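Chemist: Numbering (the working numbering), first residue to last: 38 to 181.
We put the CB at the ideal spot given by N, CA and C, even for glycine.
Quick caveat, the model's predicted, so the values are computed rather than measured.
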Amino acid sequence: IQLPRSEWVRYGVKAAGSKPLPADGVKASLLLPQGRKGPAFLAYQNFQVFLQWNSSLTYSTTAAYYATRMAGAPRVTANNPDPALTLAEGKKLQTILARKGYDVGKIDGIMGLKSRAAVKDVQLKLGMPADSYPTRELLAKLGG
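1. With respect to the alpha helix (DSSP H) encompassing S152, which residues constitute its N-terminal and C-terminal limits?
2. For K64, which of helix, strand or coil comes out of DSSP?
3. Looking at the secondary structure, which residues open and close the beta strand (DSSP E) in which L58 lies?
4. For A101, does the three-state DSSP call read helix, strand or coil?
5. Using CA atoms only, rank isn't needed, just tell me which of T114, L122, V113, K157 is closest to S145.
6. Give a yes or no on whether the C-beta atoms belonging to M165 and L176 are separated by under 8 Å.
7. Is it buried or exposed, P171, if we count other Cβ atoms within 10 angstroms and call 16 or more buried?
8. DSSP beta-bridge partners for A21?
9. Roughly how many whole angstroms lie between the Cα atoms of N117 and D61?
10. Give the DSSP bridge partners of P41, in chain order.
11. Please name the residue in P76, Y48, D158 whose C-alpha comes closest to that of D119.
12. Please tell me whether P70 and L94 are closer than 8 Å, where the distance is taken between their beta carbons.
13. Beta carbon of G49, beta carbon of D168: below 8 Å?
In structure tokens:
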């Protein structure tokens, strides 16, 4: 989802260090690579270049983060994100989602864009916070 920064400001999003975010029309997407409890990033149109080079959200987010650090941005301090699923747990979740009719891509335990989209849809259906982050709680709710 891309929204103008003015909308993100309305939702309470702030820049690093709780600095005010410019309330302008520049469009950005909110990335939560480790779910709602982990670090949050605003991704702008240029982030797509990273994804074209490597479609892994984790890799692209890391590369973009290091690029901002090299440009002088402050270090991000994360909260306490939920632990990542193991590859075996990821495969189990992908298998369950595929059986429910979702296109998760290759069942390999790696949560790519298709798997995360399926996770978000299921989170919404289950009334969970829809941050696209696969958790053990979600796996348990799906019977895994």
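Modeler: Let me lay it out:
1. According to the DSSP assignment, S152 belongs to the alpha helix (DSSP H) that extends over 150-162.
2. strand
3. That residue, L58, is in no beta strand (DSSP E); it is neither H nor E in DSSP.
4. helix
5. The sequence given here has Asp at residue 145, not Ser. The shortest Cα separation from D145 among T114, L122, V113, K157 belongs to L122.
6. no
7. buried
8. Past the boundaries of the shown model lies residue 21; the chain is included only from 38 to 181, so the question cannot be answered.
9. 31 Å
10. K64
11. P76
12. yes
13. no
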